[in-house]
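S.K.:
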Amino acid sequence: MPTPSIVLDRVTFAWPDGTLALRDVSGAFNPGRTGLVGRNGSGKSTLLRLVDGSLTPVSGHVTAASPIALLPQHLTLGVDRPVAELLGVFDKIGAVRAVEGGDVDPRHFDTIGDDWDIEARSVAALAEAGLPADALHRTVGELSGGEAVLAAVAGIRLRNAPITLLDEPTNNLDRNARARLYDLVRAWRGTLVVVSHDVALLNLMDDTAELYENELSVFGGPYAQWREWLETQQDAARQAERAAAQVVAREKRQRIEAETKLAHRAAVGRKAQVEKRVPGIIAGGRKRTAQVSAGKLRTEVGEKEASARAALDAAERRVRDDDTVVIDLPDPGVPAGRRIATIGDGERIWIVQGPERVALIGPNGAGKTTLLERLVASAAASEARAYTNSVSGHADARPASAMTGDGAPAAAPRLSCCTARAHTDRIGYLPQRVDGLDDAASVLENVRAAAPRVPPAEIRNRLARFLIRGDAVARPVASLSGGERVRVALARLLLADPPPQLLVLDEPTNNLDLDTVDQLVEALSAYRGAVLVVSHDDAFLERLGVDTTLELTPEGVVERA
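Following this line, the structure appears as structure tokens:
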């Protein structure tokens with residue numbers, strides 16, 4: 001057996017408000033690649049931060065054999081951070097430049113160590129990740145979400161930590177970037193623990209660990225094999241539950257039959273004594289013997305029934321009966337011919353009309369998020385009406401579902417030429433960074449801010465459908481997992497009054513567990529408003545039933561894909 005790289009011994013962690021995140025979790029991660037899975041809110045990200053040392057357990061111990069590097073789930077929220085800080089080389093580069101500028105403070109030499117070429121190696125690492133050389137001198141906010149993730153992964157590889165923890169590393173990555181990350185993972189050396197809902201990435205793992213109801217179990221194989229094993233185990237557990245229920249029913253029936261026989265014998269004995277068919281001394285002896293026999297029989301059948309019920313309880317505990325998120329979007333009443341939004345690239349204008357589902361795709365950095373932000377910012381009713389009038393006679397204006405795909409114009413416009421206008425002020429927007437929430441405020445306060453006229457009790461009921469119940473509604477948003485943040489943001493959209501006529505979703509499946517993605521697809525499929533979605537998840541877009549796919553190229557051209 002290999003020596004574990006990470007060992008957790010009865011680890012318990014609670015947030016400052018007393019909310020218990022993990023309780024008595026024990027387990028180990030071996031060298032090699034391990035995918036860590038579990039439902040949203042199960043504590044996966046918290047566990048990684050405990051291993052990393054950025055959180056301290058209330059009780060228990062975490063032991064790591066080597067230094068650790070962590071790619072956190074929310075790194076893209078720090079938009080003002082220098083990219084060099086993402087790489088972990090900010091201080092070293094600053095020290096090298098200070099020395100080159102004539103500052104001979106010994107602290108700079110201690111910081112640099114042997115890494116005098118750190119800037120050149122950083123640029124090379126970024127290039128390997130597909131990023132330009134000047135990315136090193138930008139801020140995170142100047143990168144797309146996918147570029148920021150790639151930069152952070154490049155920094156981890158640059159530092160060459162023996163143990164690496166990646167929390168949702170494929171969030172926001174386009175298809176090419178995901179392929180590059182998959183290649184990096186295939187060749188990864190040392191211990192790698194990956195929290196992800198990306199099935200393709202999880203299938204590259206050597207082992208699959210699951211965090212489920214404060215139990216950490218490890219399966220020797222990738223996700224697909226683990227899933228097959230789990231389904232087999234659950235089938236067997238359900239079969240055992242049915243068999244145990246049948247045994248309980250049989251033992252209960254036999255107990256009732258035994259009680260009936262005992263009652264019948266007692267009645268016969270009493271009748272015989274009343275009729276004086278047997279002498280009293282004999283009748284008394286028979287009565288005492290019958291009572292002893294009845295007591296033994298009751299004990300025997302009672303023990304058999306209790307044993308059968310205990311076996312049924314154990315079988316029921318092995319069968320998972322997990323709650324699922326219930327998402328039901330209101331009917332916004334959008335007529336089929338209603339013009340909802342227009343997107344243009346300086347040469348043509350595409351119209352989102354009626355309850356259409358339009359996907360906007362393109363590589364990281366092309367400007368998809370920027371285009372969505374322009375659309376949302378244009379939602380003022382007066383501006384939308386003015387723009388509607390100005391384009392109503394445009395020769396190239398057409399519904400998105402009727403586009404012919406003319407090809408790119410001769411002189412490809414820059415992204416600055418792209419326009420995105422809304423013709424309704426009823427827009428529900430889910431940003432890629434999910435940064436529209438107040439981290440210091442509670443879940444309930446965040447949702448109430450978007451629905452001030454909805455009674456708190458109704459908000460609590462709606463949040464319960466998103467599996468946020470009880471004291472969890474009072475937790476600060478800063479303490480939520482990535483999936484929980486998305487669920488709170490979705491709840492805000494659900495409670496909008498009046499309901500949105502256009503949902504603008506930027507990478508909505510980021511951080512969501514697979515069950516919640518299923519519910520989101522079902523809700524959006526039944527939604528009778530328009531949907532404009534940016535996603536690199538091809539399987540999600542296919543299931544959503546997209547009417548039209550627009551591609552935004554790096555040159556700022558919007559064309560039908």
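According to the UniProt record's numbering, the sequence shown is numbered sequentially starting from 1. For every residue, glycine included, the Cβ atom is placed at its ideal position computed from N, Cα and C.
(1) So, Thr46 versus Leu55, is the Cβ gap smaller than 8 angstroms?
(2) Pro332 and Gln519: beta carbons closer than 8 angstroms?
(3) Using the C-alpha atoms, what's the distance from Ala489 back to Val391?
(4) What distance in whole Å lies between the Cβ atoms of Glu551 and Val534, which are believed to be in contact at a cut-off of 8 angstroms?
(5) Helix or strand or just coil, what does DSSP make of His108?
(6) In chain order, what are the residue ranges of uninterrupted beta strand (DSSP E) at least 3 long that sit wholly in the region 334-377?
(7) Roughly how many whole angstroms lie between the Cα atoms of Ile343 and Val334?
(8) Could you pull the DSSP bridge partners for Thr164 from this structure?
(9) Is DSSP giving Ser45 helix, strand or coil here?
(10) Would you list, in sequence order, the uninterrupted alpha helix (DSSP H) runs of no fewer than 4 residues that lie entirely inside the region 433-507?
(11) I'd like the span of the beta strand (DSSP E) that includes Ala64, first residue to last.
(12) Give every residue of the same chain whose Cβ lies closer than 6 angstroms to the Cβ of Gly220, excluding the five residues on either side of it in the sequence, and list them in chain order.
(13) Is Leu202 closer than 8 angstroms to Arg186 when the C-beta atoms are compared?
(14) Where does Asn389 fall in DSSP's three states?
(15) Report back the beta-carbon spacing between Ile93 and Ile163 to the nearest angstrom; my notes put them in contact at under 8 angstroms.
(16) CA-CA distance, Ala451 and Ala496?
(17) Val37 lies in the beta strand (DSSP E); which residues open and close that run?
(18) Looking at C-alpha atoms only, which residue of Val99, Leu444, Gln225 is the closest neighbour of Arg469?
(19) Can you name, in chain order, every residue of its own chain whose Cβ lies under 6 angstroms from the Cβ of Ser217, other than the five neighbours on each side?
(20) Examine the Cβ distances between the region 130-139 and the region 470-483 and report whether three or more of them are shorter than 8 angstroms.
(21) Going by C-alpha to C-alpha distance, which of Ala258, Pro57, Ile361 sits closest to Leu532?
(22) Taking the alpha-carbon of Gly482 as reference, which of Arg39, Gly32, Glu213 has the nearest alpha-carbon?
(23) Between Leu371 and Ala420, which are expected to be in contact by the criterion C-beta below 8 angstroms, what is the C-beta distance as a whole number of angstroms?
(24) According to DSSP, Asp207 sits in a beta bridge with which residue or residues?
(25) Please state whether DSSP places Leu158 in a helix, a strand or coil.
(26) Roughly how far, in whole angstroms, is the beta-carbon of Ala154 from the beta-carbon of Leu126, given that I think they are within contact range, below 8 angstroms?
(27) So, are the CB atoms of Phe13 and Ala21 less than 8 angstroms apart?
(28) Could you tell me which residues DSSP pairs with Glu6 in its beta bridges?
(29) When we look at the beta-carbon of Ile118 and count the other beta-carbons within 10 Å, is it buried (16 or more) or exposed?
(30) Tell me whether Val248 sits in a helix, a strand or coil according to DSSP, three-state version.
(31) DSSP three-state label for Thr509, please.
(32) Quick check on DSSP: helix, strand or coil for Arg379?
(33) Pull the bridge partners of Arg560 from the DSSP assignment, please.
(34) Got a sec? Which residues, its chain only, sit under 7 angstroms from Arg180 by beta carbon, not counting five neighbours each side?
(35) From this set, Arg465, Glu356, Thr369, which residue's C-alpha is nearest residue 564's C-alpha?
(36) For Asn171, I'd like the list of residues in its chain whose CB is within less than 6 angstroms of its CB, leaving aside the five on either flank, ordered along the chain.
M.R.: Taking the definition as stated:
(1) By one-based count along the sequence shown, residue 46 stands at place 46. By one-based count along the sequence shown, residue 55 stands at place 55. Yes, Cβ-Cβ distance for Thr46 and Leu55 is below 8 angstroms.
(2) Translated into positions along the sequence shown, residue 332 becomes position 332. Translated into positions along the sequence shown, residue 519 becomes position 519. For Pro332 and Gln519, no; Cβs fall outside 8 angstroms.
(3) Counting from one through the sequence shown, the residue named residue 391 turns up at place 391. Counting from one through the sequence shown, the residue named residue 489 turns up at place 489. Residue placement at Val391 cannot be trusted, given a pLDDT of 41 that sits under 50; the coordinates are not used to answer.
(4) Sequence index remark: in the sequence shown, residue 534 carries index 534 (1-based). Sequence index remark: in the sequence shown, residue 551 carries index 551 (1-based). Contact doesn't hold; Cβ gap of about 11 angstroms is too wide.
(5) Against the sequence shown, residue 108 aligns to sequence position 108. The answer is helix: DSSP assigns His108 an H, G or I state.
(6) 339-344, 349-353, 357-361
(7) As a first step, residue 343 must be located in the sequence shown, where it is residue number 343. As a first step, residue 334 must be located in the sequence shown, where it is residue number 334. Here the alpha carbon of Ile343 sits roughly 19 angstroms from the alpha carbon of Val334.
(8) Counted from its first residue, the sequence shown places residue 164 at position 164. Beta-bridge pairing links Thr164 to Ala69, Leu192.
(9) The sequence position of residue 45 within the sequence shown is 45, counting from 1. Collapsing the DSSP output to three states places Ser45 in a helix.
(10) Counting whole runs of 4 or more residues, the region 433-507 contains the alpha helix (DSSP H) stretches 443-450, 456-465, 482-494.
(11) Taking the first residue of the sequence shown as 1, we reach residue 64 at position 64. Segment 59-64, the beta strand (DSSP E) holding Ala64.
(12) Within the sequence shown, residue 220 is the residue found at index 220, counting from 1. Only Asp207 meet the Cβ criterion.
(13) Mapped onto the sequence shown, residue 186 falls at position 186. Mapped onto the sequence shown, residue 202 falls at position 202. Cβ distance not < 8 angstroms, so Arg186 and Leu202 don't count as in contact.
(14) Here residue 389 refers to the residue found at position 389 of the sequence shown. Low confidence applies to Asn389: its pLDDT is 42, below 50, so where it sits in the model is not reliable, and the reading given next is rough at best. Of the three classes helix, strand and coil, the one that applies to Asn389 here is helix, per DSSP.
(15) Sequence index remark: in the sequence shown, residue 93 carries index 93 (1-based). Sequence index remark: in the sequence shown, residue 163 carries index 163 (1-based). Not a contact, Cβ separation roughly 25 angstroms.
(16) In the sequence shown, residue 451 corresponds to position 451, counting from 1. In the sequence shown, residue 496 corresponds to position 496, counting from 1. Taking the CA atoms as reference points, Ala451 sits about 6 angstroms from Ala496.
(17) The count along the sequence shown starts at 1 and reaches residue 37 at position 37. Here the beta strand (DSSP E) through Val37 covers 32-37.
(18) For this step, residue 469 is matched to residue 469 along the sequence shown. Considering only alpha carbons, the answer is Leu444.
(19) Translated into the one-based positions of the sequence shown, residue 217 becomes position 217. Counting only Cβ-Cβ distances below 6 angstroms, and skipping sequence neighbours, we find Glu210.
(20) no
(21) Sequence index remark: in the sequence shown, residue 532 carries index 532 (1-based). Closest option to Leu532, Cα to Cα, is Ile361.
(22) Taking the sequence shown and counting its residues from 1, the one referred to as residue 482 is at position 482. Cα-wise, what sits closest to Gly482 is Arg39.
(23) Within the sequence shown, numbered from 1, the residue matching residue 371 stands at position 371. Within the sequence shown, numbered from 1, the residue matching residue 420 stands at position 420. About 5 angstroms; that satisfies the 8 angstroms criterion.
(24) For this step, residue 207 is matched to residue 207 along the sequence shown. Answer is Thr34, bridged to Asp207.
(25) In the sequence shown, counting from the first residue as 1, residue 158 sits at position 158. Helix.
(26) In the sequence shown, residue 154 corresponds to position 154, counting from 1. In the sequence shown, residue 126 corresponds to position 126, counting from 1. With a Cβ gap of about 5 angstroms, Ala154 and Leu126 count as contacting.
(27) Here the question's residue 13 lines up with position 13 in the sequence shown. Here the question's residue 21 lines up with position 21 in the sequence shown. A contact, by the Cβ cut-off of 8 angstroms.
(28) As a position in the sequence shown, residue 6 is number 6, starting the count at 1. Correcting the residue type first, residue 6 is Ile in the shown sequence and not Glu. In DSSP, Ile6 forms a bridge with Phe29, Ala64.
(29) Numbered from its first residue, the sequence shown carries residue 118 at position 118. The residue is buried, with at least 16 neighbouring Cβ atoms inside 10 Å.
(30) Your numbering for residue 248 matches position 248 in the sequence shown. Correct three-state label for Val248: helix.
(31) Against the sequence shown, residue 509 aligns to sequence position 509. Thr509 falls in the coil class under three-state DSSP.
(32) To locate residue 379, count along the sequence shown from 1; it is residue 379. The amino acid at residue 379 is misidentified as Arg; the sequence shows Ala. Ala379: coil per DSSP, three-state reduction.
(33) Sequence index remark: in the sequence shown, residue 560 carries index 560 (1-based). In the DSSP output, where bridge partners are listed per residue, Arg560 has Leu550.
(34) Taking the sequence shown and counting its residues from 1, one reaches residue 180 at position 180. For Arg180, where only same-chain residues beyond five positions count, the Cβ hits under 7 angstroms are Ala129, Gly130.
(35) The structure shown does not extend to residue 564, since the chain is modelled only from 1 to 561, so the question has no answer here.
(36) The residue you call residue 171 lines up with position 171 of the sequence shown. Asn510, listed in sequence order.
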